[in-house]
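Student:
Number of protein chains: 2
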Amino acid sequence: MHVERICVVGLGLMGGSLALALRLARRMAIPQRPFHLTIVDTNPKTRAAAGRIVDFVSDDLALGVEKADLVVLATPVRTIVNVLNQLPQLRPDGCMVLDLGSSKTDICQAMDNLPDTFQAIGGHPMCGKEVAGFGGATPDLFRQQTFILCPTQRTTPALEAVAQQIVMDVGANPLVLPPALHDNMVAVVSHLPYMVAAALMRNAAQLGDERLWPVSSSGFRDTSRVSGTDPQMMLDILLTNKTAVLQQIAQYQTQLADVAALIAAHDEEKLMQWLIETQQAYWAYRQAKKDS
Amino acid sequence: MHVERICVVGLGLMGGSLALALRLARRMAIPQRPFHLTIVDTNPKTRAAAGRIVDFVSDDLALGVEKADLVVLATPVRTIVNVLNQLPQLRPDGCMVLDLGSSKTDICQAMDNLPDTFQAIGGHPMCGKEVAGFGGATPDLFRQQTFILCPTQRTTPALEAVAQQIVMDVGANPLVLPPALHDNMVAVVSHLPYMVAAALMRNAAQLGDERLWPVSSSGFRDTSRVSGTDPQMMLDILLTNKTAVLQQIAQYQTQLADVAALIAAHDEEKLMQWLIETQQAYWAYRQAKKDS
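So the protein lines, in turn, are chains P and D. Its first residue numbered 0, the first sequence is counted upward by one per residue in numbering that gives the first Met the number 0. Its first residue numbered 0, the second sequence is counted upward by one per residue in numbering that gives the first Met the number 0.
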């Protein structure tokens with residue numbers, strides 16, 4: 000299943016990488032598959048930078064989606080929901096819709112509410128960088144990464160085939176999950192890691208001693224890395240996945256409080272057990288990633 | 000200043016990498032500098048693996064330190080303290096001592112208590128891996144990393160020169176810090192990151208759903224990486240740097256509680272400010288590392 004005219008709304012790290020990857024995949028295909036790419040972005044610099052890789056660039060959503068077979072929404076989550084709510088007016092005849100947002104419940108609900116002239120499916124490529132924006136975009140960002148697809152009441156077999164083709168075009172591995180399960184899982188492995196890294200970064204920065212940085216090494220660098228994530232993207236994630244995120248923070252704080260109590264009590268035996276279990280959990284995770 | 004006979008006690012990741020790096024540096028020196036390397040390790044497999052790179056291998060501490068000009072203690076922290084307490088009996092004539100332990104107050108205090116036939120200085124190379132043991136050792140582990148030196152009451156100018164030469168031989172950058180300041184700083188940038196990563200790993204593992212791992216990506220991988228750290232090493236660190244570690248965990252819990260409250264209150268403005276400040280702190284840290 001092939002769609003020719005694609006409009007990417009929001010040319011950030013994700014949307015930009017998807018655009019680059021799709022263009023490459025379709026050029027490399029034998030025979031070449033026809034491809035018309037439109038970009039909608041509110042940032043003039045991004046539009047200027049995108050000019051050389053796309054067929055049509057606009058800051059006007061109505062103009063961008065006008066003739067698209069497929070609209071790919073790649074802005075922060077709440078903007079995606081806003082655009083979904085505007086689509087029925089902008090495209091009374093309907094079209095296909097995929098998004099790349101980081102939380103899925105609100106987005107998939109907005110997709111459910113689209114008129115049945117639309118076909119829509121939620122998407123979330125599980126990859127990223129601490130550098131936001133089109134400047135960080137690369138065509139290989141999705142390669143060998145998991146690309147989650149969340150079916151909605153507007154998902155047809157035809158759209159699912161289109162989405163699976165796109166996932167394959169960008170070199171990713173599709174995984175179908177219901178939106179609520181997706182949101183709970185990413186709270187555990189993506190949103191909580193951000194919170195954890197951010198609090199670590201702030202805790203170090205508040206010491207206000209510049210001799211701290213030469214003392215810091217790869218452990219601090221890696222554990223704090225995702226604290227550099229784009230604030231607007233995180234704001235939307237935290238507010239749209241609030242319940243799951245707060246639950247994970249609470250569980251996490253209990254984990255920390257438990258081990259702090261073992262240290263305070265100098266309970267060598269239980270502390271050692273805690274450390275061994277932790278290392279085992281880490282290697283079980285590493286093995287699972289290796290086997291996959 | 001050159002010492003010829005060096006005895007490394009504990010051939011793990013750190014001791015092993017130091018042995019490999021020193022051997023390489025002394026072979027490459029023009030003219031070659033004479034070097035006699037003794038290894039003491041309680042693990043028969045490690046001793047067998049080390050045989051080809053050293054001049055003398057033993058499981059007997061007394062035998063190992065007998066003729067050493069410099070003893071380098073590279074075991075977990077509490078074993079270092081034990082060995083320091085035994086040294087006066089084993090070497091009544093004294094010798095030079097350097098250690099590579101991860102917390103410094105207890106070690107430097109034991110060094111202070113050595114008879115004045117000894118010269119002793121605390122050391123801590125700020126590098127590591129989530130893989131422990133001689134199997135992970137590489138001669139370039141210390142290259143361009145900070146190597147902290149903590150002077151004690153037994154530190155002479157001659158020993159400081161020897162220690163600085165060793166730091167330079169292994170390609171590291173020396174940084175002199177008092178033991179208490181060292182311990183506070185590493186609690187912030189090394190011991191807290193371990194706790195944070197460990198609690199994150201346990202929190203994810205307790206979900207007990209294997210579909211979680213395909214959903215996890217580079218963010219989870221990096222934020223959780225140091226949870227794989229050797230349990231015995233961490234046990235000694237947490238128990239010998241207890242006060243600073245507990246203080247950092249408490250501060251950290253406050254950071255998390257504060258931001259959880261902003262999310263729960265849906266305080267968009269303050270949450271956005273928190274996210275922006277965090278990103279700024281991250282980039283300030285990255286810039287400081289780049290400039291150094």
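Glycine included, C-beta positions come from ideal geometry on N, C-alpha and C. Fair warning: this is a prediction, and the values are worked out from it, not measured in the lab.
Taking all protein chains shown into account, do 16 or more other C-beta atoms lie within 10 angstroms of the C-beta of residue 265 of chain P, making it buried, or fewer, making it exposed?
Tutor: exposed
Student: Going by C-alpha distance, which of D:246, D:267, D:232 is nearest residue 275 of chain P?
Tutor: D:232
Student: Kindly indicate which three-state DSSP category residue 29 of chain P falls into: helix, strand or coil?
Tutor: coil
Student: For the alpha helix (DSSP H) that residue 219 of chain P lies in, which residues bound it at each end?
Tutor: 217-223
Student: Between residue 292 of chain P and residue 240 of chain P, what straight-line distance do the alpha-carbon atoms span, to the nearest angstrom?
Tutor: For chain P, the structure presents residues 0 to 291; residue 292 of chain P sits outside this window and is missing.
Student: Give me the subset of the stretch 141-169 of chain P whose CB atoms are less than 8 Å from a CB atom of chain D, sorted by chain position.
Tutor: 144, 145, 147
Student: For chain P, find out if any of its Cβ atoms is closer than 9 Å to the Cβ of residue 229 of chain D; answer yes or no.
Tutor: Cβ-Cβ to chain P under 9 Å: yes for residue 229 of chain D.
Student: Give the secondary structure of residue 234 of chain P by DSSP, where H, G and I count as helix, E and B as strand, and everything else as coil.
Tutor: helix
Student: What is the C-beta distance between residue 146 of chain D and residue 183 of chain D, in whole angstroms, given that I count them as a contact (C-beta under 8 Å)?
Tutor: Going by Cβ atoms, the distance from residue 146 of chain D to residue 183 of chain D rounds to 18 Å, so no, they are not a contact pair.
Student: Taking residue 194 of chain P as the reference, which of D:251, D:16, D:107 has the closest Cα?
Tutor: D:251
Student: Distance check for residue 180 of chain P and residue 291 of chain D, CA to CA, integer angstroms please.
Tutor: Those two C-alpha atoms are separated by around 44 Å.
Student: In this structure, how does DSSP classify residue 297 of chain P when only helix, strand and coil are distinguished?
Tutor: This structure cannot settle anything about residue 297 of chain P, because the visible part of chain P is limited to 0 through 291.
Student: Find the residues of chain D that neighbour residue 126 of chain P, judging by a C-beta separation of less than 8 Å, and give them in chain order.
Tutor: 216, 217
Student: At which residues does the alpha helix (DSSP H) containing residue 257 of chain D begin and terminate?
Tutor: 241-263
Student: Which residues bound the alpha helix (DSSP H) around residue 98 of chain D?
Tutor: Segment 95-98 is the beta strand (DSSP E) holding residue 98 of chain D; no alpha helix (DSSP H) there.
Student: Quick one: which residues of the stretch 181-208 of chain P get their C-beta closer than 9 Å to a C-beta of chain D? List them in chain order.
Tutor: 181, 183, 184, 185, 187, 188, 189, 191, 192, 193, 194, 195, 196, 197, 198, 199, 200, 201, 202, 203, 204, 205, 206, 208
Student: Contact check, residue 3 of chain P vs residue 35 of chain P under 8 Å by CB: the rounded distance?
Tutor: About 6 Å separates the CB atoms of residue 3 of chain P and residue 35 of chain P; that is less than 8 Å, so the two are in contact.
Student: Could you name the residues of the stretch 37-71 of chain D whose beta carbon sits closer than 7 Å to any beta carbon of chain P, in the order they occur along the chain?
Tutor: none
Student: Are residue 221 of chain P and residue 221 of chain D close, meaning C-beta to C-beta below 9 Å?
Tutor: yes
Student: CB-CB under 6 Å to residue 15 of chain D, same chain, minus the five flanking residues each way: which ones, in chain order?
Tutor: 133, 136
Student: Just to check my reading of the structure: residue 119 of chain P and residue 96 of chain P have Cβ atoms closer than 8 Å, yes? What is that Cβ distance to the nearest angstrom?
Tutor: Confirmed, about 4 Å.
Student: Quick one: is residue 210 of chain D near chain P, going by C-beta distance under 9 Å?
Tutor: yes
Student: Listed in chain order, which residues of the stretch 14-34 of chain P have Cβ atoms closer than 7 Å to some Cβ of chain D?
Tutor: none
Student: Sort P:212, P:248, P:162, P:282 by Cα distance to residue 280 of chain D and report the nearest one.
Tutor: P:212
Student: I need the DSSP call for residue 49 of chain P, collapsed to helix, strand or coil.
Tutor: helix
Student: If you follow the beta strand (DSSP E) that residue 195 of chain D is part of, which residue opens it and which one closes it?
Tutor: Segment 191-204 is the alpha helix (DSSP H) holding residue 195 of chain D; no beta strand (DSSP E) there.
Student: Spatial neighbours of residue 105 of chain D within its chain, please: CB distance less than 6 Å, with the 5 preceding and 5 following residues excluded, ordered by chain position.
Tutor: 80, 239
Student: Taking residue 62 of chain D as the reference, give the member of D:111, D:72, D:37 with the closest Cα.
Tutor: D:37
Student: Mind checking which residues open and close the alpha helix (DSSP H) that includes residue 107 of chain D?
Tutor: Residues 104-111.
Student: Measuring only the C-alpha atoms, how far is residue 128 of chain P from residue 94 of chain P?
Tutor: 31 Å
Student: In this structure, how does DSSP classify residue 62 of chain P when only helix, strand and coil are distinguished?
Tutor: DSSP places residue 62 of chain P in helix when its eight states are reduced to three.
Student: Leaving out five residues before and five after residue 138 of chain P in sequence, what residues of the same chain have Cβ atoms less than 6 Å from its Cβ?
Tutor: 19, 20, 23
Student: Counting only Cβ-Cβ distances shorter than 8 Å, please list the residues of the stretch 98-109 of chain P near chain D, keeping chain order.
Tutor: none
Student: If you measure from the beta carbon of residue 12 of chain P to each beta carbon in chain D, is any gap under 9 Å?
Tutor: no
Student: So what does residue 117 of chain P bridge to, in DSSP terms?
Tutor: Paired residues: none, contrary to the question.
Student: Given a limit of 9 Å on CB to CB distance, which residues of the stretch 236-248 of chain D reach chain B?
Tutor: No chain B appears in this structure, whose protein chains are P and D.
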